[in-house]
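Undergrad:
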Amino acid sequence: MRNKALALIERYYAAFNAGDMNSFLDLLTDDVIHDINQGGRETGKPAFRAFMDRMNRNYREQLVDMVIMANDAGDHAAAEFVVLGEYLVTDEGLPEANGQKYRLPAGAFFDIRDGKVARITNYYNLEDWVRQVA
1 MRNKALALIE RYYAAFNAGD MNSFLDLLTD DVIHDINQGG RETGKPAFRA
51 FMDRMNRNYR EQLVDMVIMA NDAGDHAAAE FVVLGEYLVT DEGLPEANGQ
101 KYRLPAGAFF DIRDGKVARI TNYYNLEDWV RQVA
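Using UniProt numbering, you'd call the opening residue of the sequence shown number 1 and step up by one each time.
This is the structure we're talking about:
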């Protein structure tokens, strides 16, 4: 089961990096839980789609130096990576965007159910990101 979890998260990030939002969202359960970095919790694929629409409008990102781990049961996984990004459009409550580039270490934790991502929790240092784009 561990290998299936690793493969799922690899597909998840490959779809993200390719900008293939349909494939990306197909890897989520309908009731996916999304814990937003230093923010709230959203539930459901429509909320996650809206979040990703905003992210894709405001930022251009590629994830590199990916390390993926999973437990033996295959129901929990984690990833550590570096976000290479460009801040395209000002996001509400954040500094003004003018194409600033950033490099940000990040991580994510996953619950997996029935071969899909049922929860994703992302972590990165928001103060570091603000310093890089301010």
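Each residue gets a CB set at the ideal place from its N, CA and C atoms; glycine is no exception.
1) Consult DSSP for E10 and reduce its assignment to one of helix, strand or coil.
2) Which same chain residues end up closer than 6 angstroms to R41 when comparing Cβ atoms and leaving out the 5 residues on each side of it in sequence?
3) How big is the Cα-Cα spacing for R2 and N22?
4) Out of V133, N71, R60 and A106, point me to the one whose CA is closest to V94's CA.
5) What are the start and end residues of each continuous alpha helix (DSSP H) run of 4 or more residues lying completely inside the UniProt domain "SnoaL-like" (9-120), in chain order?
6) For N122, name the three-state secondary structure that DSSP assigns.
7) Can you look up A134 in the DSSP assignment and give me helix, strand or coil?
8) Buried or exposed for A77, please, with buried defined as at least 16 other CB atoms from any protein chain shown within 10 angstroms of its CB.
TA: In short:
1) Along the sequence shown, one-based indexing puts residue 10 at 10. In the displayed model, E10 falls within a helix according to three-state DSSP.
2) For the purposes of this step, residue 41 is taken as the residue at position 41 of the sequence shown. Cβ contact annotation for R41 (same chain, cutoff 6 angstroms, sequence separation greater than five): D35, in chain order.
3) Position 2 of the sequence shown, counted from the first residue, corresponds to residue 2. Position 22 of the sequence shown, counted from the first residue, corresponds to residue 22. Spanning the two alpha carbons is a distance of roughly 25 angstroms.
4) The residue you call residue 94 lines up with position 94 of the sequence shown. A small fix is needed here, since residue 94 is Leu in this sequence, not Val. Of the candidates V133, N71, R60 and A106, the one whose C-alpha sits nearest the C-alpha of L94 is V133.
5) If we require 4 residues or more, the alpha helix (DSSP H) runs fully inside the UniProt domain "SnoaL-like" (9-120) come out as 21-26 and 45-58.
6) Here the question's residue 122 lines up with position 122 in the sequence shown. Three-state DSSP puts N122 in a strand.
7) Within the sequence shown, residue 134 is the residue found at index 134, counting from 1. In this structure, A134 counts as coil in the three-state DSSP scheme.
8) For this step, residue 77 is matched to residue 77 along the sequence shown. A77 should be labelled buried.
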